[in-house]
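Single-structure report; data block below.
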Amino acid sequence: MTSSPASKRASALRLGAVLAAVAALLFVRLGGFGIWDPWELDAADAARALLEGEGEAPTDPPLARWMVARSFAVFGVSEGAGRLPLALGGLAAALACALMLWRFAGERAAAIGALVVASTPLLLFNARQMHGDALAMAGSALVFFCAASLAFRPSPTRETNPKQLGGWLAGLVAAWAVAVLAGGAMQAVVPPLGAVALVVVLRGLPKERLHRLGAAIVVGLG
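Numbering-wise (the working numbering), the sequence shown opens with residue 79 and increments by one.
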């Protein structure tokens, strides 16, 4: 059954309200506390040096440093300006999660998933400090979303045309580039692609074998 335009608009408005709540978690009082963590101070100093043309060649993925430096250039050197790119990365990660769940599980799952992701201490910590990994998290989430959309249809009755596949492939390439620049290939690209590949391999197995395999993995990890 196809949703009406009015129903789609209402769903988009509800998701927008959820994302507004997510944004409040990430952005409220973003610059309201000082830099007390020495690692955050190092990140701020590195971005400021890059802005002044004194930065050394980065030995780690450079996207966060570049974006913090650009934020300093636009808004001035301050705690809030330095943390803004990471907060935007946290919002992008929550949005990628919401869109993926909406595509494969529906509106309700998308709303709950976005709120759960945005309220986890791990994401909040990484999205509200300059040395956080929120941009890498966003890149990894987008890689997973685009790869899953390439590999799977939302439902057995929905066909995917070549233009849509081309769009998802282009999105995957762009997300791959962001993830590599933000977190490196091994940290931000290999895990989500590996997860999608594992689902592709295992989805045809009988449930009994999947249950036994899952139990073996849990025991092995424990």
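Here a beta-carbon is modelled for each residue, glycine too, at the ideal position from N, C-alpha and C. Remember, it's a predicted structure, so these values are computed and weren't measured experimentally.
Query raised in the report: Given GLY262, which residues of its chain have a CB within under 7 Å of its CB, disregarding the five upstream and five downstream residues?
Result: In the sequence shown, residue 262 corresponds to position 184, counting from 1. Within the same chain, and ignoring the five residues on either side of GLY262 in sequence, the residues whose Cβ sits closer than 7 Å to its Cβ are PRO139.
Query raised in the report: CA-CA distance, MET79 and MET264?
Result: On the sequence shown, position 1 is the one that residue 79 refers to. On the sequence shown, position 186 is the one that residue 264 refers to. Bear in mind that a pLDDT of 47 at MET79, under 50, signals an unreliable position, so the number given afterwards is only what the model happens to contain. If I take the Cα positions, the gap works out to 41 Å.
Query raised in the report: Any contact of the stretch 215-224 with the stretch 245-256, i.e. 3+ C-beta pairs under 8 Å?
Result: Result yes; three or more Cβ-Cβ pairs closer than 8 Å.
**Report entry** Length of the line joining the Cα atoms of LEU162 and ARG87
**Finding:** Numbered from 1 along the sequence shown, position 84 holds the residue referred to as residue 162. Numbered from 1 along the sequence shown, position 9 holds the residue referred to as residue 87. Rounded to the nearest angstrom, the two C-alpha atoms are 29 Å apart.
Query - Within 7 Å, strictly: CB atoms of VAL279 and ALA226 - result: Position 201 of the sequence shown, counting from 1, holds the residue named residue 279. Position 148 of the sequence shown, counting from 1, holds the residue named residue 226. Result no, Cβ atoms of VAL279 and ALA226 do not sit closer than 7 Å.
Query raised in the report: The alpha helix (DSSP H) spanning MET215 covers which residue range?
Result: Numbered from 1 along the sequence shown, position 137 holds the residue referred to as residue 215. For MET215, the enclosing alpha helix (DSSP H) stretches over residues 212-229.
Query raised in the report: Are ALA170 and ALA216 closer than 7 Å when you measure CB to CB?
Result: Stepping through the sequence shown from its first residue, residue 170 is reached at position 92. Stepping through the sequence shown from its first residue, residue 216 is reached at position 138. A Cβ-Cβ contact shorter than 7 Å links ALA170 with ALA216.
Requested in this report: Compare the C-beta of GLY184 with all C-beta atoms of chain C and state if any pair is closer than 7 Å.
Outcome: In the displayed structure, chain C is absent; only one protein chain is listed.
Query raised in the report: Do LEU213 and ALA142 have their CB atoms nearer than 7 Å?
Result: For this step, residue 213 is matched to residue 135 along the sequence shown. For this step, residue 142 is matched to residue 64 along the sequence shown. Yes, Cβ-Cβ distance for LEU213 and ALA142 is below 7 Å.
Requested in this report: Return the first residue and the last residue of the alpha helix (DSSP H) that PRO136 is part of.
Outcome: The residue given as residue 136 occupies position 58 in the sequence shown. It is not in any alpha helix (DSSP H) - PRO136 carries neither H nor E in the DSSP assignment.
**Report entry** Three-way DSSP call (helix, strand, coil) for GLY301 in this model
**Finding:** Examination of residue 301 is not possible in this model, given that the chain is present from 79 through 300 alone.
Query raised in the report: What is the DSSP secondary structure of MET208, reduced to helix, strand or coil?
Result: Walking along the sequence shown from the start, residue 208 turns up at place 130. Shown here, MET208 sits in coil according to DSSP, grouped into three states, outside any helix or strand.
Query raised in the report: Using the beta-carbon count (16 or more within 10 Å), is GLU286 buried or exposed?
Result: Indexing the sequence shown from 1 puts residue 286 at position 208. GLU286 should be labelled exposed.
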